[in-house]
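Peer 1: Heads up: the sequence lines are chains V and X, in that order.
Numbers in the working numbering are just positions in the first sequence, counted from 1, shifted up by 3.
Numbers in the working numbering are just positions in the second sequence, counted from 1, shifted up by 5.
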Amino acid sequence: MAETTEQARFPRIVRRTEAEHAPSQMTYIKVAIFLAIVTLGEVLIYQWNTNLTWLYIAVLVVLAAIKFATVVAFFMHLRFDGPLPRYVFVFGLALAFAALGVAVISLKAIGG
Amino acid sequence: MATEVSATHAAHTSTGYDSRKLFMWTFLGSDCLFFGALIATYILYRGRSLTGPYPKDVFNIPYTSVSTFVLLMSSLTMVLTLSAIQRGDMRAFRVWTLATALLGCVFLGGQAFEFTDFVAKGLRPSTNLFGSSFFVLTGTHGTHVGIGVIMLLSLFGFSLTGRIRQESAIYVEMIGLYWHFVDIVWIVIFTLVYLTRV
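1) Listed in chain order, which residues of the stretch 74-93 of chain X have Cβ atoms closer than 8 Å to some Cβ of chain V?
2) What's the C-alpha gap between Gly95(V) and Ile44(X)?
3) Is Tyr59(X) helix, strand or coil when you go by DSSP?
4) Pairs of beta-carbons, one from the stretch 28-40 of chain X and one from the stretch 96-103 of chain V, closer than 8 Å: are there three or more?
5) Quick check: is the beta carbon of His146(X) nearer than 8 Å to any beta carbon in chain V?
6) When the cut-off is 8 Å and only beta carbons count, does Asp188(X) lie next to chain V?
7) Could you give the distance in angstroms between the alpha-carbon of Tyr50(X) and the alpha-carbon of Ser137(X)?
8) Need the endpoints of the alpha helix (DSSP H) that Ile60(V) sits in, please.
9) How would you list, in chain order, the residues of chain V whose beta-carbon sits under 7 Å from the beta-carbon of Ala45(X)?
10) Compare the C-alpha of Met78(X) against each of Val34(V), Leu110(V), Ala61(V), Ser109(V) and name the closest.
11) Using only the alpha-carbon positions, how far apart do Ser204(X) and Trp30(X) sit?
12) For Ala25(V) and His80(V), what's the separation of their Cα atoms in angstroms?
13) Counting beta carbon pairs with one atom in the stretch 175-189 of chain X and one in the stretch 140-158 of chain X, are three or more of them shorter than 8 Å?
14) Mind the definition here: the stretch 108-123 of chain X touches the stretch 160-178 of chain X only if three or more C-beta pairs lie below 8 Å; say whether that holds.
15) Kindly say whether Leu110(V), judged by its beta-carbon, lies nearer than 8 Å to any beta-carbon of chain X.
16) Determine the closest residue to Ser131(X) out of Leu38(X), Ser54(X), Gly21(X), Thr46(X), with distance taken between C-alpha atoms.
17) Using a cut-off of 7 Å between C-beta atoms, extract the partners of Ala42(X) located in chain V.
18) At the level of alpha carbons, what is the spacing between Thr205(X) and Arg96(X)?
19) Grouping DSSP H, G and I as helix and E and B as strand, with all else coil, what is Phe13(V)?
20) Let me make sure I understand the geometry here. Which of Arg170(X), Thr148(X), Thr46(X) has the alpha-carbon closest to that of Gly93(X)?
21) I'd like to know if Cys110(X) contacts chain V, where contact means its C-beta is closer than 8 Å to some C-beta of that chain.
22) Find the residues of chain V that neighbour Val193(X), judging by a C-beta separation of less than 8 Å, and give them in chain order.
23) Beta-carbon of Leu142(X) versus every beta-carbon of chain V: anything under 8 Å?
24) Taking only the alpha-carbon atoms, compute the straight-line gap between Thr86(X) and Leu27(X) and give it to the nearest angstrom.
25) Any Cβ of chain X within less than 8 Å of the Cβ of Gly95(V)?
26) On the CB-based measure, 16 or more other CB atoms within 10 Å of its CB, does Leu197(X) come out buried or exposed?
27) Between Ala99(V) and chain X, is any beta-carbon pair separated by less than 8 Å?
28) How big is the Cα-Cα spacing for Val75(X) and Val107(V)?
29) Given a cut-off of 8 Å, decide if Val91(V) and Ile69(V) are closer than it, judged by their beta-carbon atoms.
30) Tell whether a beta-carbon distance below 8 Å holds between His146(X) and Trp101(X).
31) If you measure beta-carbon to beta-carbon, which residues of the stretch 37-69 of chain V are closer than 7 Å to chain X?
32) Would you kindly work out how many angstroms separate the C-alpha atoms of Glu45(V) and Gly85(V), rounded to a whole number?
Rendered as structure tokens:
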């Protein structure tokens with residue numbers, strides 16, 4: 004009854020049980036193994052002696068982004084938590100990137 | 006369009022989200038900006054030191070890779086901690102909580118050893134721009150890990166006194182979010198500070 008009343012007050016909210024969307028423990032273990040393999044890949048790429056600095060950095064940044072997104076999506080449950088926490092977190096992340104961009108551009112502008 | 010909300014976190018709020026959890030996400034969003042500033046500072050100062058030691062003189066990548074692996078595995082034990090308390094399995098909860106705190110302590114011990122090694126090689130916060138920006142960035146991250154370990158040990162203690170039960174899973178989830186955040190910050194630091202040789 005209480006649930007029905009709440010649904011009437013907040014019709015945009017559809018409730019799901021934890022069991023419906025929480026990954027299993029085996030999924031968590033698979034994700035951890037994946038993260039370990041990607042980290043090993045990063046260390047192997049570090050041994051790579053190349054003059055293509057931009058390619059070397061790009062590959063490492065992509066691998067780090069994959070690890071970052073995997074932890075946020077699966078371990079932090081952001082993939083399953085609905086849009087509001089996602090917006091809040093991504094907003095902070097976007098501000099951080101903006102700060103970095105402004106700092107780099109400012110330094111270039113003053114000839115640093 | 007409907008908004009999906011976990012029943013565990015469903016709250017009688019206008020957003021449908023538990024405000025405590027939303028607070029933690031907001032805090033983490035602001036902490037992104039904090040670490041973003043520190044990482045930006047490190048990147049801007051990179052290669053501008055007039056005197057050594059330089060990163061290539063002090064970094065030990067295989068050693069730091071092991072520390073990175075330890076922190077990644079602590080994220081696994083943390084998520085298993087949350088899973089255990091949501092099932093009401095308090096014994097597993099205590100085991101995984103202690104395992105996570107232990108892995109955090111191993112990471113901190115590794116960082117302390119690394120700092121000591123760097124100082125022995127002549128790199129101090131006051132030595133050059135690299136030393137200043139490196140120690141501030143990694144030291145701030147280490148402080149975050151230390152705070153996480155204290156929160157985990159507090160959880161363990163509270164579970165022994167019965168103050169943390171299955172109904173209190175939201176607090177474990179909040180601390181878990183903080184712990185995973187510390188992990189993702191290290192993912193960025195490991196790549197941008199240790200692995201990129203520019």
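For glycine and all other residues, C-beta sits at the position ideal for the given N, C-alpha and C.
Peer 2: So, to answer that:
1) Phe74, Leu77, Met78, Ser80, Leu81, Met83, Val84, Leu85, Ser88, Gln91
2) 15 Å
3) coil
4) yes
5) no
6) yes
7) 9 Å
8) 56-73
9) Ala102, Leu103, Ala106
10) Val34(V)
11) Since the displayed chain X opens at 6 and closes at 203, residue 204(X) lies outside it and no answer follows.
12) 8 Å
13) yes
14) no
15) yes
16) Ser54(X)
17) Ala102
18) One cannot answer for residue 205(X) here, as it falls past the ends of chain X, which runs 6 to 203.
19) A caution first: Phe13(V) carries a pLDDT of 48, below 50, which makes its placement in the model unreliable, though a value can still be read off. Three-state DSSP puts Phe13(V) in coil, outside helix and strand.
20) Arg170(X)
21) no
22) Ala67, Phe71
23) no
24) 20 Å
25) yes
26) buried
27) yes
28) 32 Å
29) no
30) no
31) Leu38, Ala39, Thr42, Glu45, Val46, Tyr49, Thr56, Ile60, Leu63, Val64, Ala67
32) 32 Å
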